[in-house]
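Residue numbers (the working numbering), protein chains in the order written: chain A, 1 to 307; chain B, 308 to 614. Glycine included, each C-beta is placed from N, C-alpha and C at the ideal position. Step one of this worksheet: look at the structure below.
2 protein chains.
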Amino acid sequence: MDRLIAAIREKQNPTVAGLDPKLSYIPDFIKKEAFSKYGESLEGAAEAVWQFNRGLIDALAPIVPAVKPQCAYYEQYGWQGMRTLERTIRYAQKKGLYVIIDGKRNDIGTTMEAYGRAHLGKVEVGGQTLPAFDGDALTVNPYLGTDGVAPLLPLCEAGDKDLFVLAKTSNPSSGELQDRAFPGGQTLYAAAGELVERWGEESRGKWGFSRVGAVVGATYPAQLGELRMELPHTFFLVPGYGAQGGGAKDVAPAFDKRGLGAIVNASRSILTAWQKTGASEADYAKAAAEEAKHMRDAIVAEIGGIE
Amino acid sequence: MDRLIAAIREKQNPTVAGLDPKLSYIPDFIKKEAFSKYGESLEGAAEAVWQFNRGLIDALAPIVPAVKPQCAYYEQYGWQGMRTLERTIRYAQKKGLYVIIDGKRNDIGTTMEAYGRAHLGKVEVGGQTLPAFDGDALTVNPYLGTDGVAPLLPLCEAGDKDLFVLAKTSNPSSGELQDRAFPGGQTLYAAAGELVERWGEESRGKWGFSRVGAVVGATYPAQLGELRMELPHTFFLVPGYGAQGGGAKDVAPAFDKRGLGAIVNASRSILTAWQKTGASEADYAKAAAEEAKHMRDAIVAEIGGIE
Chain A
1 MDRLIAAIRE
11 KQNPTVAGLD
21 PKLSYIPDFI
31 KKEAFSKYGE
41 SLEGAAEAVW
51 QFNRGLIDAL
61 APIVPAVKPQ
71 CAYYEQYGWQ
81 GMRTLERTIR
91 YAQKKGLYVI
101 IDGKRNDIGT
111 TMEAYGRAHL
121 GKVEVGGQTL
131 PAFDGDALTV
141 NPYLGTDGVA
151 PLLPLCEAGD
161 KDLFVLAKTS
171 NPSSGELQDR
181 AFPGGQTLYA
191 AAGELVERWG
201 EESRGKWGFS
211 RVGAVVGATY
221 PAQLGELRME
231 LPHTFFLVPG
241 YGAQGGGAKD
251 VAPAFDKRGL
261 GAIVNASRSI
271 LTAWQKTGAS
281 EADYAKAAAE
291 EAKHMRDAIV
301 AEIGGIE
Chain B
308 MDRLIAAIRE
318 KQNPTVAGLD
328 PKLSYIPDFI
338 KKEAFSKYGE
348 SLEGAAEAVW
358 QFNRGLIDAL
368 APIVPAVKPQ
378 CAYYEQYGWQ
388 GMRTLERTIR
398 YAQKKGLYVI
408 IDGKRNDIGT
418 TMEAYGRAHL
428 GKVEVGGQTL
438 PAFDGDALTV
448 NPYLGTDGVA
458 PLLPLCEAGD
468 KDLFVLAKTS
478 NPSSGELQDR
488 AFPGGQTLYA
498 AAGELVERWG
508 EESRGKWGFS
518 RVGAVVGATY
528 PAQLGELRME
538 LPHTFFLVPG
548 YGAQGGGAKD
558 VAPAFDKRGL
568 GAIVNASRSI
578 LTAWQKTGAS
588 EADYAKAAAE
598 EAKHMRDAIV
608 AEIGGIE
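Next comes the structure, spelled out in structure tokens:
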């Protein structure tokens, strides 16, 4: 996690911009050009998303340390969409951004290794070793236990990559299973958190955080604070800020005294800032950058700076 | 689930062939030809997987009612691999097979809808409505609760598609979270199963099973039997047969008196049958078909036929 923390400290910004591109968020001039080249097709949609993302990345790279593309919005345009995901990751990394692939992948053994090679490592083809999506971190679902996470740990170590494992998600129904308590009072999300600490035991970096982070929603500030106390070596990815209802005060409990320990994600509020503020289409990326600055400033003011 | 059940009855075969193609499973003649065309590249690997799958599907289509491609093995070859996934799905459907996309996807709200459009529905681009991967069923992880499943239900209803939600997975560490019991004794996997029954309440078909199935591993026969009793309207996808250790006796508790209620998956034992039996490379698909017949016969003998 040290690379991410270094980037957060350098930019004095503990936030990540979610790249969840719906076509309805994309200015017409981009869609028109993409459709005129490739038609109203999956390729046309994928091209529009790529051009939208490229503009966003150019504008956001000086401000945020990281971006988080959400796989679902790329998969919906088929392999053409997945090509845009790969291009987006390569371009963001070229611009110095740390890329969290939000795939919430989960499986076991050699299958989970294949997901690891896809998103965090390299894949062997004959005598070649090649990158596929090759992000800097991947989100992972803990339901299958150690068999679903252990296969990724050597890949993370080899490539200086990280994981974020779901603990307490930001959605209204997250409690249906996650909040249920076992005898003694430990909840499922806390049990998942305990596993996360254990999975990270051997990969703690210079700030005390391991390569195995956790996802904890901004919409549940009490649980954020509780998990911050219980999981001292676990870095948090905090979704649910902005459009989902979490504010700067809500995410403050995710941070330690140094202002470290978490990175807060916003997607919709950044991507649709041009629509909300009435900016011209041409200024969509500038509006996104302004919104990202507001978010940064609000959170940094709340946590009192980053050491 | 009626389409799947009809296919199972027609072929008198309650098994599904997992298409989890590792390069090491693929005969050299296929790899050589693919690499000679496209190099030792992601495209070369994706081409080899596609040719391997095509041969398998041709040989398996008269025997099995369904195939289950595992996304991880396609994603590891980048968008080129995802193109092979799409081709594999189209080709299998053309051959009359029901396709379960094993992606174990999970997210919330509009993001989960995007996964649904990707794998089960169609996506709108301008004035067009287009298929992306467009399988017949998708595996889903329940950790996020109703917000992670409800967005898929209208898509399933509209397109006559189905889901399989993880309940008790086949791996050794599945118990770390899934077997933990809440006060009163209900385990997490049983709680997930209870949600599955509820999610399926409005979509029961003519055999009494809903569109929302559950994944329950062949390696835990006691839990299979327990869940069969508790979830009378839930169709099971049962992984873990063959290479993972489950046998025909182990999966029998997943079926009801009619011989319905479950479809059992095997991947490795079918895909590597040519290597295990010492068949020639050219006969890899024939060996897979023979193994699929053995599996069918063993299970049908154990459950005493399908009504």
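For residue i, tell me which candidate among the options has the shortest Cα-Cα distance.
i                 : options                                : result
Val447 of chain B : B:Gly423, B:Asn413, B:Asp469           : B:Asn413
Ala72 of chain A  : B:Phe440, B:Thr584, B:Lys402, B:Asn572 : B:Phe440
Glu482 of chain B : B:Tyr405, B:Glu504, B:Tyr527           : Per the sequence presented here, residue 482 of chain B reads as Gly, with Glu not at that position. When each option's Cα is compared against that of Gly482 of chain B, the closest is B:Tyr527.
Tyr98 of chain A  : A:Glu194, A:Ala150, A:Val16            : A:Val16
Lys475 of chain B : B:Ala366, B:Gly442, B:Arg487           : B:Arg487
Trp199 of chain A : A:His233, A:Leu227, A:Phe182, A:Ser173 : A:His233
Phe543 of chain B : B:Ile610, B:Leu473, B:Trp581           : B:Leu473
Ala285 of chain A : A:His294, A:Thr272, A:Lys31, A:Lys95   : A:Thr272
Pro57 of chain A  : A:Gly126, A:Gly246, A:Ala288           : Here residue 57 of chain A turns out to be Ile, not Pro, going by the sequence shown. Among A:Gly126, A:Gly246, A:Ala288, the Cα nearest to that of Ile57 of chain A belongs to A:Ala288.
What three-state label does DSSP hand residue i in the structure shown?
i                 : result
Pro131 of chain A : strand
Asn171 of chain A : coil
Pro372 of chain B : coil
Asp365 of chain B : helix
Ala488 of chain B : strand
Arg105 of chain A : strand
Glu40 of chain A  : coil
Thr494 of chain B : strand
Ala279 of chain A : coil
Gln377 of chain B : strand
Phe359 of chain B : helix
Glu431 of chain B : strand
Asp297 of chain A : helix
Asp162 of chain A : strand
Tyr220 of chain A : coil
Gly305 of chain A : coil
Leu138 of chain A : strand
Leu19 of chain A  : strand
Gly568 of chain B : coil
Phe236 of chain A : strand
Ile407 of chain B : strand
Near residue i, which residues of its chain fall below 6 Å by C-beta distance, leaving aside the five closest residues on each side in sequence?
i                 : result
Ile333 of chain B : Ala355, Phe359
Leu144 of chain A : Asn106, Ile108
Glu281 of chain A : Pro27, Phe29
Val123 of chain A : Arg117, Leu130, Ala132
Ala559 of chain B : Glu609, Ile610
To which residues of the same chain is residue i closer than 8 Å at the C-beta, ignoring the five residues directly before and after it?
i                 : result
Leu459 of chain B : Met419, Glu420, Tyr422, Gly423, Leu427, Leu445, Val447, Leu470
Lys556 of chain B : Pro528, Glu609
Determine, for residue i, whether the minimum Cβ-Cβ distance to residues of chain B falls below 8 Å.
i                 : result
Leu19 of chain A  : no
Ala29 of chain A  : Checking the displayed sequence, the identity of residue 29 of chain A turns out to be Phe instead of Ala. Taking Cβ atoms only, chain B never reaches closer than 8 Å to Phe29 of chain A, which makes this a no.
Arg54 of chain A  : no
Lys104 of chain A : yes
Asn141 of chain A : yes
Asn265 of chain A : no
Gln70 of chain A  : yes
Ile108 of chain A : yes
Val123 of chain A : yes
Phe236 of chain A : no
Ala298 of chain A : no
Leu195 of chain A : yes
Leu79 of chain A  : Position check: residue 79 of chain A holds Trp in this sequence, whereas Leu was assumed. By this cut-off, Trp79 of chain A is an interface position.
Phe164 of chain A : no
Glu44 of chain A  : Here residue 44 of chain A is Gly; the residue named in the question, Glu, does not match the sequence. At least one chain B Cβ lies under 8 Å of Gly44 of chain A.
Ala132 of chain A : yes
Pro62 of chain A  : no
Contact criterion: CB-CB distance below 8 Å. Does residue i meet it with respect to chain A?
i                 : result
Gly434 of chain B : yes
Pro458 of chain B : no
Asp557 of chain B : no
Asp443 of chain B : no
Leu451 of chain B : yes
Thr645 of chain B : Residue 645 of chain B lies beyond the residue range present for chain B, which begins at 308 and ends at 614; the question has no answer from this structure.
Ala421 of chain B : yes
Pro461 of chain B : no
Phe516 of chain B : no
Met308 of chain B : no
Could you pull out every residue in the same chain whose Cβ sits closer than 7 Å to the Cβ of residue i, ignoring the five residues on either side in sequence?
i                 : result
Pro546 of chain B : Ser477, Val522, Gly524, Ala525, Asn572
Lys600 of chain B : Ile370
The segment 13–25 of chain A touching the segment 266–280 of chain A, judged by at least three CB pairs closer than 8 Å = Yes, since at least three Cβ pairs between the segment 13–25 of chain A and the segment 266–280 of chain A fall closer than 8 Å, the two stretches touch.
Spell out a yes or no on whether the segment 500–508 of chain B and the segment 184–197 of chain A are touching, meaning 3 or more CB-CB pairs, one atom from each, closer than 8 Å.
-> Because the criterion of three Cβ pairs below 8 Å is not met, the segment 500–508 of chain B and the segment 184–197 of chain A do not touch.
Segment contact flag, the segment 90–104 of chain A with the segment 37–48 of chain A, C-beta cutoff 8 Å, min 3 pairs | Contact between the segment 90–104 of chain A and the segment 37–48 of chain A is absent, because fewer than three Cβ pairs lie under 8 Å.
Could you tell me whether the segment 52–66 of chain A touches the segment 363–371 of chain B, where touching means 3 or more Cβ pairs closer than 8 Å?
-> Look at the beta carbons and you see the segment 52–66 of chain A not touching the segment 363–371 of chain B: under three pairs across the two are nearer than 8 Å.
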